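Let me begin by presenting the structure, written as structure tokens, before commenting on it.
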Amino acid sequence: MNRSHSCGELSANHVGQQVVLMGWVQKRRDHGGVIFLDLRDRGGVVQVVLSPDLQKETFEKGQAVRPEYVLAVWGEVKRRPPGTENPNMATGQVEVAAEGIRILNAAKSLPFYPGDAPEVDEALRLRYRYLDLRRPECWQAFTLRHQAAKVIRDFLTNRGFLEVETPMLTRSTPEGARDYLVPSRLNPGQFYALPQSPQLFKQILMIAGFERYFQFARCFRDEDLRADRQPEFTQLDIEMSFINEQDIQSLTEEMLAELFKQVLGRELAVPFPRLSYQEAMDLYGSDKPDLRFGMQIVDVSSHVRDSTCRVFSDAVKRGGVVRGIRVPGAASFSRKVLDELGKLVTSWGARGLAWFQLGDEGIRSPLAKLFTPRELEDLVAKMGGEKGDLLLFIADKKDVTESVLGQLRLEMAGRLGLIDSDQFSFVWITDFPLLEYNEEEKRFEAVHHPFTAPREEDIPLLETDPGKVRARAYDLILNGTELGGGSIRNHSRELQERLFRVIGLPQDAIEEKFGFLLEALDYGAPPHGGIAFGFDRMMMLMLHLNTIRDVIAFPKTQSATCLLTKAPAPVTAKQLAELHITCADNKIKVIR
RNA sequence: GGAGCUGUAGUGUAGUGGUUUAACACGUCGGCCUGUCAAGCCGAAGAUCGCGGGUUCGAGUCCCGUCAGCUCCGCCA
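At position 428 of the first sequence the residue is numbered 430 (the working numbering), and the sequence of numbers has no breaks.
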């Protein structure tokens with residue numbers, strides 16, 4: 003017997019037709035004399051009626067049916083009796099009068115029912131992920147993910163891109179995230195690494211003359227997890243030859259415009275706005291600013307440098323800065339809330355929070371009496387403060403002030419409900435520094451990765467003032483989340499080697515770890531560059547979800563375990579022996 | 001490595017200020033019921049209160065530790 007229709011497709015147009023349905027029993031309503039079953043498949047839900055008047059045997063079989071049984075049902079589609087239509091159901095005009103049913107599989111009582119999943123503890127949902135996923139909302143998310151991938155594939159294909167797979171078993175390279183390692187049985191003591199990204203392979207494909215490459219690439223990073231970070235994730239990886247920054251950015255904008263139009267039916271305003279790294283840090287205290295609301299940071303250092311208020315003036319004289327944000331309509335915040343905010347900013351590393359309530363009776367602040375009236379007026383004017391506003395200031399070292407105000411800005415927007423969650427606000431961040439100094443390791447390291455090209459005019463600074471060198475790199479930010487990033491790469495061996503030296507890689511390590519790349523650069527490497535997007539994040543944001551776990555079929559927990567399969571797990575001593583591996587800590591469990 | 005939140009029948013919760021039988025809803029099981037769709041009515045079963053220790057005459061409740069899940073910092077080229 004073959005299924006003739008999906009449950010969800012039945013409508014008044016099918017009245018009178020004989021159908022065969024197969025699906026899961028979502029709900030059973032037993033009236034003694036008549037049983038209603040809501041039968042669900044991926045296409046939707048339809049009501050099935052089991053009545054002894056129609057088919058006694060079928061009705062009796064129906065007594066045993068329970069929720070989540072898998073059933074085949076055959077019978078006629080009938081218009082529901084007048085007054086019993088269900089307007090809340092897509093198929094609510096009709097029902098299937100069951101002439102026969104077959105129980106394809108029974109189901110025990112479930113730990114939870116798919117419909118309850120949104121309220122159920124996530125750990126339980128992950129353990130029984132197949133029950134959690136047995137929901138239309140989940141199928142919808144994965145349908146959208148599939149469609150998005152297809153739109154992107156089609157778009158890039160039409161632009162002449164080739165989708166190429168790169169190895170999952172590759173070599174560990176220095177820099178970057180911690181690698182997942184895979185021991186080599188055939189090469190005792192040697193290890194593959196799972197790719198953190200296909201970075202070097204895609205560059206080598208450019209050297210191979212592919213010109214335009216893309217891939218939905220699985221990437222692995224053995225770092226701690228977050229709501230938007232999994233150890234295993236999917237990157238939409240793109241690389242092109244003979245292009246500049248603008249080409250990549252335009253391509254991205256066209257691709258995303260197409261994606262949002264096709265999948266969400268939304269028009270994106272392109273080109274996306276651009277902010278330099280410096281502007282982003284100054285105005286938003288972050289290199290991934292959320293531009294769905296304003297509340298820009300204002301620097302008042304020069305205004306308070308000679309203030310009578312030592313808290314402010316001393317900070318500036320010590321070489322720090324004083325910056326603030328104007329929180330509209332927040333003057334009425336209680337002392338308790340303000341104390342809370344004060345605690346918050348100290349937990350973020352600031353010395354303290356200075357606040358000024360612009361109330362009806364003037365300015366209220368513990369610091370108010372330390373300023374002259376003229377100074378206060380000046381400060382308020384500089385901030386653009388109006389009656390009803392709350393002004394918040396941080397006086398500290400520049401980097402602390404930036405990051406704390408950046409976080410505070412988000413905190414205030416959240417508390418005041420300033421964020422329109424339906425908005426998609428893209429912004430390019432450009433002109434990143436190429437290198438930054440790592441205090442711990444006492445050396446410069448790449449802000450993005452060491453294959454990023456410096457701006458031509460900054461190349462002379464590489465050895466003299468590395469921190470000043472700007473990168474030909476760009477990040478794409480959506481609603482305060484880093485969606486992707488890329489750069490123009492070094493295609494000259496000489497420059498690439500220089501960069502390795504600047505980040506403190508010894509010559510032998512350069513040869514050992516990156517010799518294959520340098521060699522490839524020697525044999526006719528075209529100018530090239532590209533970009534990579536966190537595809538899971540993209541889906542999360544498009545669906546207005548709070549975690550990428552909801553767009554990954556089988557995600558890991560925060561401790562990187564899989565509650566469904568119980569991975570990772572011990573292996574047998576034999577397996578380890580074949581891999582030439584022993585556990586250093588003999589307390590570690592090995593299956594014997 | 002660090003900070004915070006959570007953990008009570010299958011599920012979601014309540015459980016005050018420390019005390020007898022740990023409560024409610026949904027679900028499950030049984031009975032009744034021929035038009036429900038959050039079906040209804042009657043009844044029943046179901047909990048070593050995450051785990052270990054401590055304080056106490058007495059701990060779901062207080063203290064310490066631990067495990068798990070989540071959020072965040074560090075980390076994530």
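In this text, a Cβ means the ideal position worked out from N, Cα and C, and glycines have one as well.
This structure is a prediction, so every number in the text was calculated from the model and none was measured.
Which residues in the same chain have their Cβ closer than 6 Å to the Cβ of residue i, if we skip the five residues on either side of it in sequence?
i: Y182; result: L196, F222, D224
i: A415; result: F295, I421
i: T168; result: P200, F203
i: L12; result: V48, V79, T93, V96
i: L340; result: W357
Measure from the alpha carbon of residue i to the alpha carbon of each residue in the options, then state which is nearest.
i: T310; options: L369, Q20, L158, Y130; result: L369
i: G390; options: S334, G64, V406, L355; result: S334
i: T60; options: E377, R104, R220, G94; result: R104
i: I550; options: C9, S8, Q237, N90; result: Q237
i: G486; options: R500, T432, R457, E459; result: T432
i: Y194; options: M170, A179, E213; result: M170
i: R31; options: L393, L23, V51; result: V51
i: G488; options: L436, E514, R312, E447; result: L436
i: P89; options: A14, E124, S53, A99; result: A14
i: G162; options: Y115, I240, L126; result: I240
i: K29; options: G117, L372, S288, E62; result: G117
i: P138; options: T574, G77, G46, V402; result: G46
i: V318; options: K400, Q251, D226, L394; result: K400
i: D552; options: E87, F144, R376, G364; result: F144
i: L412; options: L293, L128, V429, A151; result: L293
i: F502; options: L227, L464, F537; result: L464
i: F428; options: G506, G351, A271; result: A271
i: L360; options: S561, E379, L372; result: E379
i: D156; options: A555, F216, T559, P275; result: F216
i: S8; options: D43, R220, T175; result: D43
i: R320; options: M542, A397, P557; result: A397
Report back the beta-carbon spacing between residue i and residue j to the nearest angstrom; my notes put them in contact at under 8 Å.
i: G532; j: K290; result: Rounded, the Cβ-Cβ distance is 20 Å, inconsistent with contact.
i: R328; j: M297; result: 7 Å
i: L146; j: M544; result: 7 Å
i: V22; j: S6; result: 4 Å
i: L392; j: G326; result: Not really, about 10 Å apart at Cβ, beyond 8 Å.
i: V265; j: A150; result: 5 Å
i: E256; j: A448; result: Not confirmed; about 29 Å, so no contact.
i: H450; j: F426; result: With 8 Å as the limit, H450 and F426 do not qualify as a contact, their Cβ atoms being about 24 Å apart.
i: F235; j: D538; result: 5 Å
Ignore the nearest five residues each way along the sequence and tell me which others in residue i's own chain have a CB closer than 7 Å to its CB.
i: G344; result: G354, L355
i: S186; result: Q192, F193, Y194
i: L258; result: L270
Nearest-angstrom Cα distance between residue i and residue j?
i: Q65; j: W141; result: 30 Å
i: A210; j: G526; result: 9 Å
i: Q577; j: T567; result: 19 Å
i: Q201; j: F535; result: 12 Å
i: L346; j: Q280; result: 25 Å
i: L565; j: D134; result: 13 Å
i: T584; j: P570; result: 17 Å
i: P529; j: L523; result: 10 Å
i: E213; j: Q232; result: 31 Å
i: G85; j: I154; result: 47 Å
i: I461; j: Q248; result: 20 Å
i: T348; j: V324; result: 16 Å
i: V402; j: V573; result: 46 Å
i: S423; j: K371; result: 40 Å
Compute every distance between the C-beta of residue i and the non-hydrogen atoms of the ligand ADP, then say whether any falls below 7 Å.
i: V429; result: Of ligands this structure carries none, so the ligand ADP is not represented either.
Can you list, in chain order, the residues of its chain whose CB lies under 8 Å from that of residue i, leaving out five sequence neighbours each side?
i: S252; result: P273
i: V382; result: F358, L360, I365, L393
*Would you be able to state if there are at least three C-beta pairs under 8 Å between the region 476-486 and the region 441-449?*
no
_Cβ contact (3+ pairs, closer than 8 Å) linking the region 299-313 and the region 179-193_ = no
*Quick check: the region 101-116 against the region 70-87, are there 3 or more CB pairs under 8 Å?*
Touching, yes, given that three or more Cβ pairs across the two stretches are closer than 8 Å.
*At least 3 beta-carbon pairs within less than 8 Å: the region 449-459 vs the region 488-495*: Contact check between the region 449-459 and the region 488-495: three or more CB pairs, one atom from each, fall below 8 Å, which counts as touching.
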